[in-house]
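Undergrad: Dropping a structure here in structure tokens format, bear with me for questions.
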Amino acid sequence: MSAGRFLPLAGALALAVLGFFLPRLLGGSTLVYDTLVVIAIFSAMSYGLDIVLSDLGEISLAHTAFFATGAYAAAILTVSYGQSAWVAMAAAILASLALALALGLITLRTREFAFSLVTYAAAIVCMNVASNWDFLGGSDGIVGVPPLDLSIGPITLTAGQSFEFWPYAYALLLLTIYFVYRFRRSSLGQAALMVHMNPRLATMCGLDGNRVRLQVFLVSAPISALAGWLYAFQRSYVGTDLFDTYFLVLMLTSVIIAGRGLLLGPLMGTALLMSQKSFASLGAYGDKLVLGAILVAALCYSPRGLAALWPRMRRGPL
Amino acid sequence: MNLLQQVVNGVIIGHAYALVAVGWTMLLGAARLVNFGHGQMYMVGAFVAWWFMRLTGLPYPVAVVAAVLVGALIGAVMQRLLMRLTLSRDLVSLMIVTLGFGQMLEGAAGLTFGARPQTLTSPFQSMTLHFGAIWFTVQDVILVVATLVVFLALRLLLNATKFGVAVRMVAEDPVLTRLAGIDIARVYMGIFAFEGAAVAFAATLVAPRTPILTSMGFDQVVTTFVVVVLGGIGSVGGSYVAGLSLGLFTALFGALVSPAYTTAAVFALLIAVMALRPGQLAASANFAR
Amino acid sequence: MSARLEIENLRVAYGASQAVAVDRLVVEPGTLAAVVGANGAGKSTLVNAIANWSRAAPRVEGAVRMDGEDIAGRAAHEIVKRGLQLVPEGRGVFMGLTVEENLREGAPSDAGPGRRSYSIDDVYELFPRLRERRSTAGGSLSGGERQMLAVGRALRMAPKSLLLDEPSIGLAPRFVALLLRTIRSLVDDGLTVLLVEQNVRAAMEVTDVVHLLERGRLIASGPVDEMRDDPRIVEAYLGGGHG
Ligand SMILES: Nc1ncnc2c1ncn2[C@@H]1O[C@H](COP(=O)(O)OP(=O)(O)OP(=O)(O)O)[C@@H](O)[C@H]1O
Ligand SMILES: [Mg+2]
């Protein structure tokens, strides 16, 4: 391995290790653990949207539904059927893939505006079904999701309290980031970018735009679903509030605020938003106001994100 | 529950849908803007009227006027915020900004009006009219009449006034409109202010039917989304028809099939139409019809 | 009533590529000047930049003076109000509006000293065909009718100077002749016109001055009688047949 590749890799590893100890460095209180766990989970959720939004350039408003699908799969299988968290994880992935396939086929011919509208409508149908179908717990949701138990044979892997959750949430986050990193270097990732940036060239290179779109959509759904899966255990109950516009706005803001297409963008965005909520909260309403204002300001004044402001600021005063 | 009563309810709800949708229809037709903050603007309209009555003790009709003025102001503020994106026709970013704008309104309303459910009291809500087996309230009559008046007035405005022609020009081709010596930012300002005023007006007429909550925006108007997307892109008249049809559909579907899955059914209908006819959203030159 | 149009050091670029670099171009009051050049020479870019109007938002630098007043950089609708009117290439009318509605928006009758205002009826006088089609939607007009309407719409703004971008494109020869003759009559009435034309032969019949644009630069300018014999024009646009 050459030094040119070794250095960034070592840096990334060091950062990953440092990240693991971050909650302890920040004092290790329950609030810190809770916040960081939620940041990790919501970041993972946002990465699902990120690859559709940043790479494919389409805005999906259905990723709350994938997130909720993962959470509901976890809750139903562990509570109603007494299955293990592993089985629930497989179910979360499969269910989200099925939903994404259905939605992907429906939206195959829609673009931009229409794509967003249809995905939004789909999320509402899902919410309506979830709040009325007893199998999904109806409007009460499903309570009493057991503590996370991922033990394999003699190795015990469980988590109940928030500090116990951290390793799992952190692992999920790292895996997600690594996955997105690999995705952007894969032929599918390159194809998505080309379909987004230069559809005509993509067609000339023999790429089938619709196929690429569908594939990226399918890849993105399980990412958000896995975040939902873990969130169900962390919160120990699922309900229709998972479909709330709040999650949608949170996801969109996280992806957009730092800068679209930055590998760590959604993580930084989520961290910023959730830290405000945990450590500088203005109450539920105040936080909503802040979140909305950040999204509006980001899109109206710096649509390419905070990262784009940086060189401008450096140039500015001098 | 007889069927005729359901039809009457459907007609009333349908007019409510249409009235709630009219401003948004104009926004979508003229500026291609899907306003996800519409529900929160509805909520703010209802709360402003309630708050105004409580603070001043003035009667309901005065509160309606106050809410409409505040609504127009909110629309105008929104236009200022969205100006650059509107001019560049960045439709998708616009749509997301409205989501954020809705969150801001909901947060601000929660801070101002509190979390408790309230009632916007209209004296006409308790006056009921009975005709044999069917009944409705005077408020319902006002709602239906007001809706008809607003739609007819809007058609007249769009087809017979200078401002209306400017709106239709902007709808078709905002860039070319500049060459007619028209400041399109001002036309957009008018369109947004109309959206704000219209939804606030609708809220003051519809909200007395149920208790109001600062979190209600989404639930109250989610069906309006379908009215606007299905009907509004074709035309103003189309959204009236869509509103009425959807009102009848929800009333009858709720009574005959399942009240719980009405919203899902309505949205499934929308998805089917949009997936089968994605061209539906293409710019339409005759939305004033 | 006519205006002197003066362009200086005009530079227009789409992103990094410069499309127009014109050092000086003057249209004397009450005259007709034609800009000719090959496809992609920058003719549209030039007239659009003068009116500060474009669908593509290019970067524009330089001075545009009308009767000495610098109007460069003003918003397109303000420039229209000051009396400089562009009829853009291609679709210059609203398809969803009737002919009459297309003509409804106009300058106030007291637009300013020396500006001749045209009522809707004046436009119908000029193009009687439009009167017959007054309730027809712009989208249902023929190509020729559309161009008449576009010119009529422009006149309704009571311009002092008019920029026309290929008004004759796609028209039958008799329409071309009619349109250009009408434009000439407007100039004789005192309007200042800068005309972009592909149909060089037809343009030569009516214009006073010819400017030849190549790759964004003016490579030749002069009165029409001199330019008629200019080898660059003869070869490229008039062919061997010219007498
Ligand atoms: N929107 C745009 N983006 C980038 N480049 C452009 C754009 N419009 C025009 N150009 C370039 O600018 C140059 C001049 O184009 P312009 O349309 O002004 O030419 P023209 O002389 O009007 O041609 P035509 O006779 O075909 O109308 C061309 O090289 C063209 O490729
Ligand atoms: Mg041209």
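Protein chains in written order, with the working numbering: chain A, 100 to 417; chain B, 109 to 397; chain C, 100 to 342.
The C-beta atom is built at its ideal place from N, Cα and C for all residues, glycine as well.
The model shown is predicted, which means the values in this text are computed figures rather than measured ones.
Roughly how many angstroms separate the alpha carbons of residue 374 of chain A and residue 304 of chain A, rounded to a whole number?
TA: Within the first sequence, numbered from 1, the residue matching residue 374 of chain A stands at position 275. Within the first sequence, numbered from 1, the residue matching residue 304 of chain A stands at position 205. Residue 374 of chain A and residue 304 of chain A: Cα-Cα distance of roughly 45 Å.
Undergrad: For residue 298 of chain C, which residues from the same chain have a beta carbon less than 7 Å from its beta carbon, with the 5 sequence-adjacent residues on both sides left out?
TA: One-based indexing of the third sequence puts residue 298 of chain C at position 199. The answer, listed in chain order, is 267, 275.
Undergrad: Taking all protein chains shown into account, decide if residue 222 of chain B is buried (16 or more other Cβ within 10 angstroms of its Cβ) or exposed.
TA: Reading the second sequence from its first residue, position 114 is the one you call residue 222 of chain B. Exposed, since its Cβ has fewer than 16 Cβ neighbours within 10 Å.
Undergrad: Going along the chain, which residues of its own chain have a beta-carbon closer than 6 Å to the beta-carbon of residue 143 of chain A, five neighbours each way excluded?
TA: As a first step, residue 143 of chain A is located in the first sequence; it is residue number 44 there, counting from the start. Correct list, in chain order: 271, 272, 275, 326.
Undergrad: Please determine whether the Cβ atom of residue 297 of chain A lies at a distance below 7 Å from any heavy atom of ligand 1.
TA: Here residue 297 of chain A is taken as the residue at index 198 of the first sequence, counted from 1. No.
Undergrad: Let me make sure I understand the geometry here. Which of C:197, C:249, C:103 has the alpha-carbon closest to that of residue 168 of chain C?
TA: Along the third sequence, read from residue 1 onward, the residue named residue 168 of chain C stands at position 69. The option with the nearest alpha carbon to residue 168 of chain C is C:103.
Undergrad: Output the boundary residues of the beta strand (DSSP E) element that contains residue 113 of chain C.
TA: On the third sequence, position 14 is the one that residue 113 of chain C refers to. Start and end: 104–113.
Undergrad: What first and last residue would you give for the alpha helix (DSSP H) that runs through residue 321 of chain A?
TA: Against the first sequence, residue 321 of chain A aligns to sequence position 222. 308–334 is the span of the alpha helix (DSSP H), which, as asked, contains residue 321 of chain A.
Undergrad: Taking Cβ-Cβ distances shorter than 8 Å, what residues in chain B pair up with residue 206 of chain A?
TA: As a working mapping, residue 206 of chain A is identified with position 107 in the first sequence. The contacting residues are 383.
Undergrad: When the Cα atoms are used, what is the spatial distance from residue 302 of chain B to residue 269 of chain A?
TA: Counting from 1 along the second sequence, the entry for residue 302 of chain B is found at position 194. Counting from 1 along the first sequence, the entry for residue 269 of chain A is found at position 170. Their Cα atoms are separated by approximately 49 Å.
Undergrad: Determine whether the beta carbon atoms of residue 500 of chain A and residue 173 of chain A lie at a separation below 8 Å.
TA: Outside the displayed range of chain A (100 to 417) lies residue 500 of chain A, so it cannot be described from this structure.
Undergrad: Could you give the distance in angstroms between the alpha-carbon of residue 379 of chain B and the alpha-carbon of residue 205 of chain A?
TA: Walking along the second sequence from the start, residue 379 of chain B turns up at place 271. Walking along the first sequence from the start, residue 205 of chain A turns up at place 106. Distance between the alpha carbons of residue 379 of chain B and residue 205 of chain A is about 8 Å.
Undergrad: Compute the beta-carbon to beta-carbon distance between residue 273 of chain C and residue 217 of chain C, rounded to the nearest angstrom, for a pair I have assumed lies under 8 Å.
TA: Position 174 of the third sequence, counted from the first residue, corresponds to residue 273 of chain C. Position 118 of the third sequence, counted from the first residue, corresponds to residue 217 of chain C. Wrong, their Cβ atoms sit about 24 Å apart, outside the cutoff.
Undergrad: Which residue from A:218, A:190, A:108, A:192 puts its Cα closest to that of residue 203 of chain A?
TA: Mapped onto the first sequence, residue 203 of chain A falls at position 104. Residue 203 of chain A has its Cα closest to that of A:218, out of A:218, A:190, A:108, A:192.
Undergrad: Measure the C-alpha to C-alpha separation of residue 333 of chain B and residue 141 of chain B and round it to an integer number of angstroms.
TA: Numbered from 1 along the second sequence, position 225 holds the residue referred to as residue 333 of chain B. Numbered from 1 along the second sequence, position 33 holds the residue referred to as residue 141 of chain B. C-alpha separation (whole angstroms): 12 Å.
Undergrad: DSSP state of residue 207 of chain C, grouped into three classes?
TA: By one-based count along the third sequence, residue 207 of chain C stands at place 108. Looking at residue 207 of chain C - three-state DSSP - the assignment turns out to be coil, as it is neither helix nor strand.
Undergrad: Considering only DSSP beta bridges, list what residue 337 of chain A is partnered with.
TA: The sequence position of residue 337 of chain A within the first sequence is 238, counting from 1. Paired residue(s): A:241.
Undergrad: Kindly say whether residue 213 of chain B, judged by its beta-carbon, lies nearer than 8 Å to any beta-carbon of chain C.
TA: For the purposes of this step, residue 213 of chain B is taken as residue 105 along the second sequence, with counting starting at 1. Closer than 8 Å: no.
Undergrad: Beta carbon of residue 144 of chain C: closer than 7 Å to some heavy atom of ligand 1?
TA: Here residue 144 of chain C refers to the residue found at position 45 when the third sequence is read from its first residue. Yes; taking the cut-off as 7 Å, the Cβ of residue 144 of chain C has a heavy atom of ligand 1 nearer than that.
Undergrad: Which same chain residues, not among the five before or five after residue 319 of chain A, have their C-beta less than 6 Å away from its C-beta?
TA: Position 220 of the first sequence, counted from the start, is the residue given in the question as residue 319 of chain A. Closer than 6 Å at Cβ, skipping near neighbours: 147, 150, 151.
Undergrad: Select from B:305, B:200, B:236 the residue whose C-alpha is nearest the C-alpha of residue 144 of chain B.
TA: Locating residue 144 of chain B in the second sequence gives position 36, counting from the first residue. Out of B:305, B:200, B:236, B:200 has the C-alpha closest to the C-alpha of residue 144 of chain B.
Undergrad: Along the segment 292–322 of chain B, what residues have a CB closer than 7 Å to any CB found in chain A?
TA: Of all residues in the segment 292–322 of chain B, none has a Cβ within less than 7 Å of some Cβ in chain A.
Undergrad: Could you name the residues of the same chain whose beta carbon sits closer than 6 Å to that of residue 247 of chain A, not counting the 5 residues immediately before and after it, in chain order?
TA: Within the first sequence, numbered from 1, the residue matching residue 247 of chain A stands at position 148. Here the set comprises 184, 258, 332.
Undergrad: Give a yes or no on whether 8 Å exceeds the smallest Cβ distance from residue 217 of chain A to chain B.
TA: Residue numbering aside, residue 217 of chain A sits at position 118 when the first sequence is read from its first letter. Output row for residue 217 of chain A: interface = yes.
Undergrad: For the pair the segment 244–258 of chain B and the segment 109–125 of chain B, tell me if three or more CB-CB distances fall below 8 Å.
TA: Yes: the two stretches touch, three or more of their Cβ pairs being nearer than 8 Å.
Undergrad: Report the residue from B:345, B:124, B:139 whose alpha carbon sits nearest the alpha carbon of residue 294 of chain B.
TA: Along the second sequence, one-based indexing puts residue 294 of chain B at 186. Here the closest residue by C-alpha is B:139.
Undergrad: Which of the three DSSP states is assigned to residue 291 of chain C in this structure?
TA: Along the third sequence, one-based indexing puts residue 291 of chain C at 192. In this structure, residue 291 of chain C counts as strand in the three-state DSSP scheme.
Undergrad: Classify residue 238 of chain B as buried or exposed, calling it buried when 16 or more other Cβ atoms lie within 10 Å of its own Cβ.
TA: For the purposes of this step, residue 238 of chain B is identified with residue 130 of the second sequence, where counting begins at 1. So residue 238 of chain B ends up on the exposed side.
Undergrad: What did DSSP end up calling residue 412 of chain A once you bin it into helix, strand or coil?
TA: Counting from 1 along the first sequence, the entry for residue 412 of chain A is found at position 313. Interpretation of residue 412 of chain A is limited by its pLDDT of 45, a score under 50 that renders its predicted location unreliable; the figure taken from the coordinates is listed afterwards. Looking at residue 412 of chain A - three-state DSSP - the assignment turns out to be helix.
Undergrad: Determine whether the beta carbon atoms of residue 370 of chain A and residue 405 of chain A lie at a separation below 8 Å.
TA: If you number the first sequence from 1, residue 370 of chain A lands on position 271. If you number the first sequence from 1, residue 405 of chain A lands on position 306. No, the pair does not count as a contact, with Cβ atoms beyond the cut-off.
Undergrad: Mind listing, in chain order, the continuous alpha helix (DSSP H) runs of no fewer than 4 residues lying wholly within the segment 173–202 of chain A?
TA: The qualifying runs do not exist here; there are none.
Undergrad: Taking a Cβ distance cut-off of 9 Å, strictly less, list which residues of the segment 251–283 of chain B are near chain C, in chain order.
TA: Here the close residues are 267, 270, 273, 274, 276, 277, 279, 280, 281, 283.
Undergrad: Does ligand 3 have a heavy atom nearer than 7 Å to the CB of residue 156 of chain A?
TA: You won't find ligand 3 in this model; what it holds is ligand 1 and ligand 2.
Undergrad: Establish whether the CB of residue 226 of chain C and some CB of chain B are separated by less than 8 Å.
TA: Sequence index remark: in the third sequence, residue 226 of chain C carries index 127 (1-based). Residue 226 of chain C does not count as touching chain B.
Undergrad: Take the Cβ of residue 105 of chain A as the centre, count every other Cβ of all protein chains shown within 10 Å, and call the residue buried at 16 or more, exposed below.
TA: For this step, residue 105 of chain A is matched to residue 6 along the first sequence. Classification for residue 105 of chain A: exposed.
Undergrad: Between which residues of its own chain and residue 194 of chain C is the CB-CB distance below 8 Å, once the five residues before and five after are set aside?
TA: As a working note, residue 194 of chain C is residue 95 in the third sequence. These residues qualify, in order along the chain: 236, 237, 238.
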